[in-house]
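Throughout the sequence shown, residue numbering follows our numbering, covering 4 to 548 in sequence. Every residue, glycine too, gets a C-beta built ideally from N, C-alpha and C. Report on the structure given below.
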Amino acid sequence: MPPFAAQPGGGDWWTDAVVYQIYPRSFSDLGGDGIGDLAGIVDKLGYLELLGVDAIWLSPVMRSPMADHGYDVSDPRDIDPTFGTLADFDALIAEAHDRDIRVTMDLVPNHTSDQHAWFSAALGAGPGSPERARYHFLPGRGETGELPPNNWTSVFGGPAWSRVREADGELGEWYLHLFAPEQPDLNWDNPEVMADLETTMRFWLDRGVDGFRIDVAHGMAKAPGLPDMTEPAVVLKHTDDDPRFNNEAVHEIHRRIRAVMDQYPGTANVGEVWVDANDQFAKYVRPDELHLGFNFRLATVDFESTAIRDAIEESLAAVSAVGATPTWTLSNHDVEREASRYAPPVPATDNDDDALRAEENALGIGIARARAMALVELALPGTVFLYNGAELGLPNVELPDEALVDPVWERSGRTQRGRDGCRVPLPWEGEEPPFGFSTNPDTWLPMPADWDRFTVEKQLEDIYSTLSLYRQAIELRYDRPEFSGPRVDWYGAPDGCLAFRRPGGAICALNATQTPVPLPHGEILLVSLPLVDGMLAPNSAAWLV
4 MPPFAAQPGG GDWWTDAVVY QIYPRSFSDL GGDGIGDLAG IVDKLGYLEL LGVDAIWLSP
64 VMRSPMADHG YDVSDPRDID PTFGTLADFD ALIAEAHDRD IRVTMDLVPN HTSDQHAWFS
124 AALGAGPGSP ERARYHFLPG RGETGELPPN NWTSVFGGPA WSRVREADGE LGEWYLHLFA
184 PEQPDLNWDN PEVMADLETT MRFWLDRGVD GFRIDVAHGM AKAPGLPDMT EPAVVLKHTD
244 DDPRFNNEAV HEIHRRIRAV MDQYPGTANV GEVWVDANDQ FAKYVRPDEL HLGFNFRLAT
304 VDFESTAIRD AIEESLAAVS AVGATPTWTL SNHDVEREAS RYAPPVPATD NDDDALRAEE
364 NALGIGIARA RAMALVELAL PGTVFLYNGA ELGLPNVELP DEALVDPVWE RSGRTQRGRD
424 GCRVPLPWEG EEPPFGFSTN PDTWLPMPAD WDRFTVEKQL EDIYSTLSLY RQAIELRYDR
484 PEFSGPRVDW YGAPDGCLAF RRPGGAICAL NATQTPVPLP HGEILLVSLP LVDGMLAPNS
544 AAWLV
């Protein structure tokens with residue numbers, strides 16, 4: 004592992020880092036309330052050290068009423084009691100740094116909670132006030148203002164505007180919320196908004212935070228005049244020309260953010276940038292904007308060699324134009340877990356036993372493909388983001404309706420199940436729920452009874468487990484000089500397969516077919532599945548030198 008420097012001057016550690024995303028509610032609960040906390044993370048830092056990651060990224064732990072589980076921040080400069088205290092956070096940073104693990108955390112600059120002091124003041128101050136100018140408050144359309152200011156819809160479903168009742172008891176202005184009504188969008192044309200974010204950044208950077216993941220980094224700036232959408236939106240999706248996002252003025256905001264980061268050498272930020280076009284994505288990672296742009300291409304393509312190769316080539320092309328570092332991930336807290344995403348469809352049957360066997364077989368294939376893709380992403384140049392539980396091969400969970408808590412479920416009229424299935428707590432040990440995640444069996448999302456097979460305890464003892472594969476791959480990625488160089492060179496592979504070489508000499512081969520194929524020439528370092536008669540097994544990958 005590269006030398007660690009917790010103090011400024013540590014260098015560009017982030018250009019080839021393995022960053023482990025922790026969804027705090029689901030990682031480890033030491034408080035016994037069924038919800039993960041900071042003390043639980045500290046307790047598991049030895050595990051993360053054993054895994055070999057460079058850094059952790061914490062999904063929001065700031066004070067929040069949890070309408071969107073932390074992405075609705077009511078006080079950006081405090082820790083929510085759900086997770087602990089500022090003292091607990093300081094202890095996490097100190098212990099992580101002692102173990103050569105950096106700590107990055109979420110910033111949520113697009114919106115606040117509706118319980119933020121600013122929004123409460125805006126409601127009380129009334130139309131035309133400086134307090135309302137921090138948000139997007141506008142009169143409605145129609146004879147009595149009964150219609151929203153435009154036709155924008157929320158990313159979570161439903162309208163993107165809510166109407167407030169004024170001090171006189173009458174219905175009045177509307178405010179914009181691109182997500183839930185409890186998440187009013189800030190007005191980034193107001194200089195107070197940037198000044199407050201700078202204060203927040205310095206608050207955490209001065210405590211030793213090593214960087215930030217910026218939520219909705221392609222948002223914040225809204226299209227001038229807030230024009231109507233010309234195409235209907237899809238829940239949790241949008242296009243590059245959507246007026247709600249990816250507006251040119253956002254880049255000046257990122258330059259201001261970068262100016263603060265540059266005063267703290269050795270820190271870095273990564274932006275959540277849901278932008279498809281290469282030239283548009285590249286703008287976000289220019290030298291004076293984001294250090295890294297979170298790249299979702301591998302997390303959105305099927306397990307098919309041409310699609311995977313195209314995603315890799317497009318990702319490299321997008322950043323090479325501006326000399327930026329590529330990033331890779333297969334999943335996160337908003338994306339279906341790869342083991343389930345790669346599983347083939349299960350044929351319909353009226354026989355319960357047949358259905359169960361078919362589901363297990365499909366999941367086995369999905370896990371095999373996820374293991375193969377882990378070797379693909381860890382062989383690529385740049386920074387890799389691992390979502391907690393990916394190293395265990397965890398699948399998505401089909402939760403009962405009554406257990407769903409993601410605001411997408413209700414906002415979409417219960418037509419979209421939301422993201423709860425990839426946020427179920429991690430299984431650590433034991434034979435039954437809560438599998439060592441908590442002392443409380445009533446976890447915030449229920450855990451499947453059969454997850455004993457996925458526990459860290461079992462996988463640590465199994466040299467063929469997914470966890471063992473990840474540990475070996477991360478170690479080889481750091482220790483072998485063959486994994487060097489900023490590019491990949493493609494060469495011939497059988498139909499349905501791909502193979503690339505790093506300039507240092509490391510080779511990655513992927514077999515996405517249903518039959519064994521010959522391996523490239525070289526010494527085998529690691530395979531995701533055992534070879535079949537000396538050949539690369541279906542749904543598997545190999546590293547060679």
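Tell me which same chain residues have a C-beta within less than 6 Å of the C-beta of residue i, skipping the five on either side of it?
i, result
"Thr18", "Thr328"
"Ala320", "Asn281"
"Gly39", "Pro27, Arg28, Ser29, Phe30, Ser31, Asp32"
"Gly13", "Note that Gly13 has pLDDT 44, beneath the 50 cutoff, so the model's placement of it is unreliable and no number is given."
"Gly175", "Val167, Glu169"
Determine which residues share a DSSP beta bridge with residue i and list them.
i, result
"Val520", "Leu539"
"Met108", "Leu61, Phe215"
"Trp331", "Val387"
"Phe140", "Tyr178"
"Ile38", "In the DSSP output, where bridge partners are listed per residue, Ile38 has none listed."
"His114", "Asp188"
"Trp546", "Cys511, Leu529"
"Thr156", "Pro162"
"Trp493", "Phe503"
"Arg28", "Arg28 is not bridged to any residue."
"Phe297", "Glu275"
"Leu150", "Arg144"
"Arg66", "Asp78"
If I follow the unbroken beta strand (DSSP E) through residue i, where does it start and stop?
i, result
"Ser165", "164 to 168"
"Ala58", "58 to 61"
"Phe388", "386 to 390"
"Ile527", "527 to 530"
"Leu513", "510 to 514"
"Asp282", "It is not in any beta strand (DSSP E) - Asp282 instead sits in the alpha helix (DSSP H) that spans 281 to 287."
"Glu275", "271 to 275"
"Ile82", "78 to 82"
Mark residue i as exposed unless 16 or more other C-beta atoms lie within 10 angstroms of its C-beta, in which case mark it buried.
i, result
"Arg102", "exposed"
"Met108", "buried"
"Lys286", "buried"
"Ile96", "buried"
"Val288", "buried"
"Trp546", "buried"
"Ala496", "buried"
"Ala562", "No statement about residue 562 is possible, as the shown extent of the chain runs from 4 to 548 and does not include it."
"Thr147", "exposed"
"Tyr345", "buried"
"Met538", "exposed"
"Lys240", "exposed"
"Asn335", "buried"
"Gln10", "Here the model assigns Gln10 a pLDDT of 37, short of 50, so the residue's position is not dependable and the matter cannot be decided."
"Asn550", "Missing from the structure shown is residue 550; the chain here goes from 4 to 548 and no further."
"Ala544", "buried"
With respect to the alpha helix (DSSP H) encompassing residue i, which residues constitute its N-terminal and C-terminal limits?
i, result
"Gln24", "That residue, Gln24, is in no alpha helix (DSSP H); its beta strand (DSSP E) goes 21 to 25."
"Ile577", "Outside the displayed span of the chain (4 to 548) sits residue 577, for which this structure offers no information."
"Ile315", "308 to 323"
"Phe457", "That residue, Phe457, is in no alpha helix (DSSP H); it is neither H nor E in DSSP."
"Gly367", "355 to 382"
"Ala120", "120 to 128"
"Gln475", "469 to 482"
"Thr202", "194 to 208"
"Trp412", "410 to 414"
Who are the Cβ neighbours of residue i in its own chain at under 7 Å, not counting the five residues just before and after it?
i, result
"Pro5", "Unreliable placement is indicated for Pro5, whose pLDDT of 35 sits below 50; the coordinate value is still reported in the next sentence. Here the set comprises Trp16."
"Asp93", "Arg210"
"Ala476", "Ala377, Leu378, Leu381, Leu529"
"Ala128", "Glu134, Arg135"
"Leu534", "Ala540"
"Pro246", "Ala226, Pro230, Met232"
"Thr518", "Pro541"
Would the beta-carbon of residue i be found less than 6 Å away from any heavy atom of the ligand GTP?
i, result
"Leu150", "Summarising the ligand content, the structure contains no ligands, and the ligand GTP is consequently not present."
Within the same chain, show all residues whose beta-carbon is closer than 8 Å to that of residue i, passing over the 5 residues directly before and after it, in chain order.
i, result
"Glu339", "Asn399, Gly424, Cys425"
"Glu435", "Ala452, Asp455"
"Arg205", "Val263"
Inter-stretch contact at 8 Å, needing at least 3 Cβ pairs: the segment 162 to 174 / the segment 210 to 227:
No, the segment 162 to 174 does not touch the segment 210 to 227.
Does the segment 436 to 454 touch the segment 479 to 498, meaning 3 or more C-beta pairs lie closer than 8 Å?
Flag = no, the segment 479 to 498 and the segment 436 to 454 do not touch.
Measuring CB atoms only, is the segment 520 to 528 touching the segment 348 to 364, in the sense that at least three cross pairs come out at less than 8 Å?
Touching, no, given that fewer than three Cβ pairs across the two stretches are closer than 8 Å.
With a cut-off of 8 Å, do at least 3 Cβ pairs link the segment 123 to 139 to the segment 182 to 191?
With three or more CB-CB distances shorter than 8 Å, the segment 123 to 139 counts as touching the segment 182 to 191.
Hey, is the segment 116 to 125 in contact with the segment 172 to 188, meaning 3+ C-beta pairs nearer than 8 Å?
Because the criterion of three Cβ pairs below 8 Å is met, the segment 116 to 125 and the segment 172 to 188 touch.
With a threshold of 8 Å, are at least 3 pairs of Cβ atoms found where one atom belongs to the segment 309 to 318 and the other to the segment 386 to 406?
Under the three-pair Cβ rule at 8 Å, the segment 309 to 318 does not count as touching the segment 386 to 406.
Between the segment 499 to 514 and the segment 386 to 397, can you find at least three pairs of beta-carbon atoms closer than 8 Å?
Contact between the segment 386 to 397 and the segment 499 to 514 is absent: fewer than three C-beta pairs spanning the two stretches fall below 8 Å.
Could you tell me whether the segment 463 to 478 touches the segment 58 to 65, using the rule of 3 or more Cβ pairs below 8 Å?
Touching, no, given that fewer than three Cβ pairs across the two stretches are closer than 8 Å.
How do the segment 409 to 418 and the segment 292 to 310 stand: do at least 3 beta-carbon pairs fall below 8 Å, yes or no?
Contact between the segment 409 to 418 and the segment 292 to 310 is absent, because fewer than three Cβ pairs lie under 8 Å.
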